[in-house]
Amino acid sequence: MSSGTLYDKVWNFHQVKELPGGSTQLFVGLHLIHEVTSPQAFSALNEKNLEVKFPNLTVATVDHIVPTINQQRPFSDPLAEEMLTTLEKNCKTHGIKFHGIGSNAQGVVHVMAPELGLTQPGMTVACGDSHTSTHGAFGAIAFGIGTSQVRDVLASQSLAMKKLKVRRIWVDGSLQKGVYAKDLILHIIRLLGVKGGVGFAYEFAGPAIEKLSMEGRMTICNMAIEGGARCGYINPDETTFEYLKGKKYSPKGQEWDNAIKWWESLVSDSEAKFDDEIQLDGSSIEPTVTWGITPGQGISIKEKIPNPEELPKNEQQIAKDACKYMNLEADQPIEGTSIDVCFIGSCTNGRLSDLQEASKIVKGRKVSAGIKAFVVPGSQKVAKEAKQKGIDKIFLTAGFEWREPGCSMCLAMNPDKLEGRQISASSSNRNFKGRQGSANGRTLLMSPAMVAAAAINGKVTDVRKLLRE
Amino acid sequence: MKQEFPKGEINTIKGRSLVIKGDDIDTDRIIPARFLKCVSFSALGEQVFADDRKELKGNHPFDLKQHKGSNILVVNDNFGCGSSREHAPQALMRWGIRLIIGESFAEIFFGNCLALGIPCMTASKKEITKLQNLVNENSNQIWDFNLKELSISNQKESFKLEMEGGAYKMLCSGKWDATSQLLDAEKKIKTTVKNLPYLNNFK
Ligand code: SF4
Numbered sequence: 199m200s201s202g203t204l205y206d207k208v209w210n211f212h213q214v215k216e217l218p219g220g221s222t223q224l225f226v227g228l229h230l231i232h233e234v235t236s237p238q239a240f241s242a243l244n245e246k247n248l249e250v251k252f253p254n255l256t257v258a259t260v261d262h263i264v265p266t267i268n269q270q271r272p273f274s275d276p277l278a279e280e281m282l283t284t285l286e287k288n289c290k291t292h293g294i295k296f297h298g299i300g301s302n303a304q305g306v307v308h309v310m311a312p313e314l315g316l317t318q319p320g321m322t323v324a325c326g327d328s329h330t331s332t333h334g335a336f337g338a339i340a341f342g343i344g345t346s347q348v349r350d351v352l353a354s355q356s357l358a359m360k361k362l363k364v365r366r367i368w369v370d371g372s373l374q375k376g377v378y379a380k381d382l383i384l385h386i387i388r389l390l391g392v393k394g395g396v397g398f399a400y401e402f403a404g405p406a407i408e409k410l411s412m413e414g415r416m417t418i419c420n421m422a423i424e425g426g427a428r429c430g431y432i433n434p435d436e437t438t439f440e441y442l443k444g445k446k447y448s449p450k451g452q453e454w455d456n457a458i459k460w461w462e463s464l465v466s467d468s469e470a471k472f473d474d475e476i477q478l479d480g481s482s483i484e485p486t487v488t489w490g491i492t493p494g495q496g497i498s499i500k501e502k503i504p505n506p507e508e509l510p511k512n513e514q515q516i517a518k519d520a521c522k523y524m525n526l527e528a529d530q531p532i533e534g535t536s537i538d539v540c541f542i543g544s545c546t547n548g549r550l551s552d553l554q555e556a557s558k559i560v561k562g563r564k565v566s567a568g569i570k571a572f573v574v575p576g577s578q579k580v581a582k583e584a585k586q587k588g589i590d591k592i593f594l595t596a597g598f599e600w601r602e603p604g605c606s607m608c609l610a611m612n613p614d615k616l617e618g619r620q621i622s623a624s625s626s627n628r629n630f631k632g633r634q635g636s637a638n639g640r641t642l643l644m645s646p647a648m649v650a651a652a653a654i655n656g657k658v659t660d661v662r663k664l665l666r667e
Numbered sequence: 139m140k141q142e143f144p145k146g147e148i149n150t151i152k153g154r155s156l157v158i159k160g161d162d163i164d165t166d167r168i169i170p171a172r173f174l175k176c177v178s179f180s181a182l183g184e185q186v187f188a189d190d191r192k193e194l195k196g197n198h199p200f201d202l203k204q205h206k207g208s209n210i211l212v213v214n215d216n217f218g219c220g221s222s223r224e225h226a227p228q229a230l231m232r233w234g235i236r237l238i239i240g241e242s243f244a245e246i247f248f249g250n251c252l253a254l255g256i257p258c259m260t261a262s263k264k265e266i267t268k269l270q271n272l273v274n275e276n277s278n279q280i281w282d283f284n285l286k287e288l289s290i291s292n293q294k295e296s297f298k299l300e301m302e303g304g305a306y307k308m309l310c311s312g313k314w315d316a317t318s319q320l321l322d323a324e325k326k327i328k329t330t331v332k333n334l335p336y337l338n339n340f341k
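Just so you know, the sequences run in chain order A and B. Residue numbering for the first sequence follows our numbering, starting at 199 and increasing by one per position. Residue numbering for the second sequence follows our numbering, starting at 139 and increasing by one per position.
This is the structure we're talking about:
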């Protein structure tokens, strides 16, 4: 059993009591809600005649269903409009702060909350969305929950949960030029498998992790869930504090000094015990791309699509399925695979530095003929800052579309969808069958810079060939 | 007659049964992803197994007249795998299902059913096949499920069922309803809040 880790310390602070059946009642310090998983929870609350216990600890935004071209209300999709009005109504009735369209703070929930300084070290963060693990980048315990747990958190600000084991993933060295946090996490998921983290919280640590910016750290923790780990976290340090300083909801003055002391005390002890430890070398990682239908089916840009027959037994069937579905041939290089659509955005890679890195590749170049390429900033704040830096112009001049913030084609609950057998280069996090809106559409996951390179060349490209001094 | 949703202690369930054959039936099949775009679960009952039903044009067990009003579902291995969406058990419950018996269940699906007061009971492959055959021979017969005795029986035959201890206790005691359990701890929650630096200005 783990002890002395940040996970253990934060868990202990939030433990309310033991429940029959072996789980723990855990207090939730920050509850984030959006339009897709909250309405049923609110109706359940009403059915049971309950009220929201701590309305000031729940914060709402709208992201999944928002159109990214025309955000004029009412939305042209009546179902989307209904979901948004329901959320607005629920927030109003229960006194919950809602950051809606036009509020300057709206965005993908896992992008906007950290921007506001809502997410802080030592908190428990819950949201009806599996990529809530993102917030672990700050040294919080953050996890996705189901709709009935959303109801429980609304009613009691707590939920029933079993304590996870802790696996430390130690990454030595530093990432090479042209290799990003996305490549690192795709590489880790490839190594440990998409179920490797089931039952675990992942602590990401080591020199390569410490060198990452907060945005890079969020990319890593965001995809912990794709490796099966319900939450992933990184110990808070100077980088974390620097990011939080001066944010809207960050502590100020004397409180700030006290906060830093508390946050530092939560860092995993040097003699902390982990249930499992893994070590890898970050310097040897190359740009990584998925070729299949799970985020674990990644290979370096230099590699060939694996031959299912040569894989371990338990991976063969899914690899065969993947080859067939993706219509990609085994033993062919992934580099050079033709692309139809390029998508830069999502809670994994829709932040300012993501757009910035991608724009460096795009600058002075043109999107290859016949490619649809678009950028969806993760939030209104990202959009605004990108515009101030002229990043939107760089993309537009190159032939990209520049959209309004939202989840967009990450899961295509809005009008942004693949069509038919189209294949996308995407900076999002899931390449499941049908994920991007077409029942037989295909997705290759990669870093935003790699997506930019694919857009320029019309095919999967080693971004390092397009890097400039 | 519309059945009430599960409440309190779950001791006995009585009713007619229907069978869905096949291993690894995932939550996408139980409720296709496009139905996630809804603000309330109430319409989900009609959409359960929507794609499978469309394909079978009225011949799907959930469409057959003789199964109308059935409340016990008998399935095979790894039922409810895939995405964690709670829409799946909700859809089954709103169609009328109150008890599921199978060879095994996906962990999250099992938990989601438990949270609704729907027991997912298991038995061996051999027993399940036998039970499914009996159900299919006569869809009119009434089955009696008894949680304490871990059994389901008709007039002639009885089958032994299993369930993991924690879930069993929660259903027997009526404590599967997580919300009321959590609300019980009001005092303790107050103490937790008092001790959290970030809710007390980091004093
Ligand atoms: S961007 Fe994608 S993964 Fe992130 S919250 Fe939206 S839909 Fe979910």
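Beta carbons are placed, not taken as given, at the ideal position from N, Cα and C, and that holds for glycine.
*Taking only beta-carbon positions, decide if THR165 of chain B is within less than 8 Å of chain A.*
Here residue 165 of chain B corresponds to residue number 27 of the second sequence, with the count starting at 1. THR165 of chain B does not count as touching chain A.
*Under the criterion of a Cβ to heavy atom distance below 7 Å, does ASN629 of chain A qualify as lining the ligand SF4?*
As a first step, residue 629 of chain A must be located in the first sequence, where it is residue number 431. No, Cβ of ASN629 of chain A sits at least 7 Å from all heavy atoms of the ligand SF4.
_Using C-beta distances below 6 Å, list every residue in its chain close to LEU665 of chain A, excluding the 5 sequence neighbours before and after it, in chain order._
For the purposes of this step, residue 665 of chain A is taken as the residue at position 467 of the first sequence. Around LEU665 of chain A: GLY376.
*How big is the Cα-Cα spacing for SER180 of chain B and TRP233 of chain B?*
Within the second sequence, numbered from 1, the residue matching residue 180 of chain B stands at position 42. Within the second sequence, numbered from 1, the residue matching residue 233 of chain B stands at position 95. Rounded to the nearest angstrom, the two C-alpha atoms are 10 Å apart.
_Anticipated Cβ contact below 8 Å, ALA353 of chain A with LYS511 of chain A, distance rounded_ = As a first step, residue 353 of chain A is located in the first sequence; it is residue number 155 there, counting from the start. As a first step, residue 511 of chain A is located in the first sequence; it is residue number 313 there, counting from the start. Wrong, their Cβ atoms sit about 46 Å apart, outside the cutoff.
*asked:* Taking CB distances under 8 Å as the criterion, tell me whether LYS215 of chain A reaches chain B.
replied: Walking along the first sequence from the start, residue 215 of chain A turns up at place 17. It does; some Cβ of chain B falls within 8 Å.
*Along chain B, which residues have their Cβ under 8 Å away from the Cβ of MET321 of chain A?*
Position 123 of the first sequence, counted from the start, is the residue given in the question as residue 321 of chain A. Result: TYR336.
*What are the boundary residues of the beta strand (DSSP E) that includes ILE497 of chain A?*
To locate residue 497 of chain A, count along the first sequence from 1; it is residue 299. Its beta strand (DSSP E) spans residues 496 to 498.
*Residues in the segment 352 to 365 of chain A with C-beta within 8 Å of chain B's C-beta atoms, listed in sequence order?*
ALA353, SER354, GLN355, SER356, LEU357 and ALA358
*Check ASN149 of chain B in the structure and name its three-state DSSP category.*
Against the second sequence, residue 149 of chain B aligns to sequence position 11. Here ASN149 of chain B sits in coil by DSSP.
*asked:* Check for me: the beta strand (DSSP E) holding TRP368 of chain A runs from which residue to which?
replied: Sequence index remark: in the first sequence, residue 368 of chain A carries index 170 (1-based). Taken as a continuous stretch (DSSP letters only), the beta strand (DSSP E) holding TRP368 of chain A covers 363 to 370.
_Chain-ordered neighbours of ARG271 of chain A on chain B, where CB pairs are closer than 8 Å_ = Translated into positions along the first sequence, residue 271 of chain A becomes position 73. None at all; the shortest Cβ gap to chain B is about 17 Å.
_Applying the 10 Å Cβ sphere with the 16-neighbour rule, what's the burial state of ASN254 of chain A?_
What you label residue 254 of chain A is simply residue 56 of the first sequence in a count that begins at 1. So ASN254 of chain A counts as exposed.
*Might you give, ordered along the chain, the residues of its own chain that have their beta carbon closer than 6 Å to the beta carbon of GLY391 of chain A, omitting 5 neighbours on each side?*
As a position in the first sequence, residue 391 of chain A is number 193, starting the count at 1. So the list reads GLY494, once near-sequence residues are dropped.
*For the candidate residues A:ASN547, A:VAL214 and A:LEU248, whose alpha-carbon lies nearest to that of THR332 of chain A?*
As a first step, residue 332 of chain A must be located in the first sequence, where it is residue number 134. Closest by alpha carbon: A:ASN547.
*So, does the CB of GLN318 of chain A fall closer than 8 Å to a CB anywhere in chain B?*
One-based indexing of the first sequence puts residue 318 of chain A at position 120. For GLN318 of chain A, the answer is yes, since a Cβ of chain B falls inside 8 Å of its Cβ.
*With respect to the beta strand (DSSP E) encompassing HIS297 of chain A, which residues constitute its N-terminal and C-terminal limits?*
For the purposes of this step, residue 297 of chain A is identified with residue 99 of the first sequence, where counting begins at 1. Looking at the DSSP string, the run of the beta strand (DSSP E) that includes HIS297 of chain A is 295 to 297.
*Tell me which same chain residues have a C-beta within less than 7 Å of the C-beta of THR488 of chain A, skipping the five on either side of it?*
Numbered from 1 along the first sequence, position 290 holds the residue referred to as residue 488 of chain A. LEU384, GLN495, GLY496, ASN629, LEU642 and LEU643.
*Please classify LYS251 of chain A: does DSSP put it in a helix, a strand, or coil?*
Taking the first sequence and counting its residues from 1, the one referred to as residue 251 of chain A is at position 53. Of the three classes helix, strand and coil, the one that applies to LYS251 of chain A here is coil, per DSSP.
*So which residues on chain B does LEU382 of chain A lean against when the C-beta distance must stay under 9 Å?*
Indexing the first sequence from 1 puts residue 382 of chain A at position 184. Going along chain B, no residue has its Cβ under 9 Å from LEU382 of chain A, so there is no contact; the nearest lies around 26 Å.
_I need the DSSP call for CYS608 of chain A, collapsed to helix, strand or coil._
Position 410 of the first sequence holds residue 608 of chain A. It is helical.
*How would you label GLN238 of chain A, buried or exposed, when you count the other beta carbons within 10 angstroms and need 16 or more for buried?*
Along the first sequence, read from residue 1 onward, the residue named residue 238 of chain A stands at position 40. Buried, by the Cβ-count rule.
*Could you have a look at MET139 of chain B and say whether DSSP puts it in helix, strand or coil?*
To locate residue 139 of chain B, count along the second sequence from 1; it is residue 1. Low per-residue confidence applies at MET139 of chain B: pLDDT is 38, beneath 50, and the placement is therefore not dependable, though the value from the model is reported in the following sentence. Coil at MET139 of chain B, not helix or strand.
*asked:* Looking at chain A, is there any beta carbon in it that lies within less than 8 Å of the beta carbon of LEU356 of chain B?
replied: Only positions 139 to 341 of chain B appear in the structure, and residue 356 of chain B is not among them; the question remains open.
*asked:* Could you check if LEU389 of chain A belongs to the surroundings of the ligand SF4, using beta carbon to heavy atom distance under 7 Å?
replied: As a first step, residue 389 of chain A is located in the first sequence; it is residue number 191 there, counting from the start. Result no, Cβ not under 7 Å from the ligand SF4.
*For LEU277 of chain A, which residues in chain B fall below 8 Å Cβ to Cβ?*
For the purposes of this step, residue 277 of chain A is taken as the residue at position 79 of the first sequence. Here the neighbours are LYS175 and CYS176.
_What would DSSP say about CYS176 of chain B, mapped onto helix, strand or coil?_
Here residue 176 of chain B corresponds to residue number 38 of the second sequence, with the count starting at 1. Note: CYS176 of chain B maps to coil in three-state DSSP.
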